[in-house]
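Peer 1: With the UniProt record's numbering as the guide, the letters of the sequence shown map in order to residues 1 to 67. Below you will find the structure I want to go over with you.
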Amino acid sequence: LLKEWQKSASKGEDDLSLDYEDCTKSRHATQWYQQIVPLVQFSSDIFLFTLAGLATLYHIKKGDKAK
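Here it is as structure tokens:
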């Protein structure tokens, strides 16, 4: 099965050397962590998660009577 897939993916060329894009049939030539927009979105999600965690810890420690 693998050999048949390599033949069809390589389009009759050398079936031992396939490009990354050909191998995965991906829409993108690079991974998400190599692109700037997904990396910024991921970083902002982590920042907001951390901020919510710190706010929760502050609320637990100070309670409702914080300044």
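Backbone N, C-alpha and C define an ideal beta-carbon position, used for all residues, glycine too.
Can you tell me the Cα-Cα spacing of F49 and T56, whole angstroms?
Peer 2: Counting from one through the sequence shown, the residue named residue 49 turns up at place 49. Counting from one through the sequence shown, the residue named residue 56 turns up at place 56. Each residue's alpha carbon lies about 11 Å from the other.
Peer 1: Can you give the Cα-Cα distance for F42 and Y58, rounded to whole angstroms?
Peer 2: As a working note, residue 42 is residue 42 in the sequence shown. As a working note, residue 58 is residue 58 in the sequence shown. Rounded to whole angstroms, F42 to Y58 spans 24 Å at the Cα level.
Peer 1: Please classify T56: does DSSP put it in a helix, a strand, or coil?
Peer 2: Residue mapping note: residue 56 aligns to position 56 of the sequence shown, counting from 1. Reduced to three states, the DSSP call for T56 is helix.
Peer 1: To the nearest angstrom, how far is the alpha carbon of K62 from that of T30?
Peer 2: Counted from its first residue, the sequence shown places residue 62 at position 62. Counted from its first residue, the sequence shown places residue 30 at position 30. Their backbone Cα atoms lie some 46 Å apart in a straight line.
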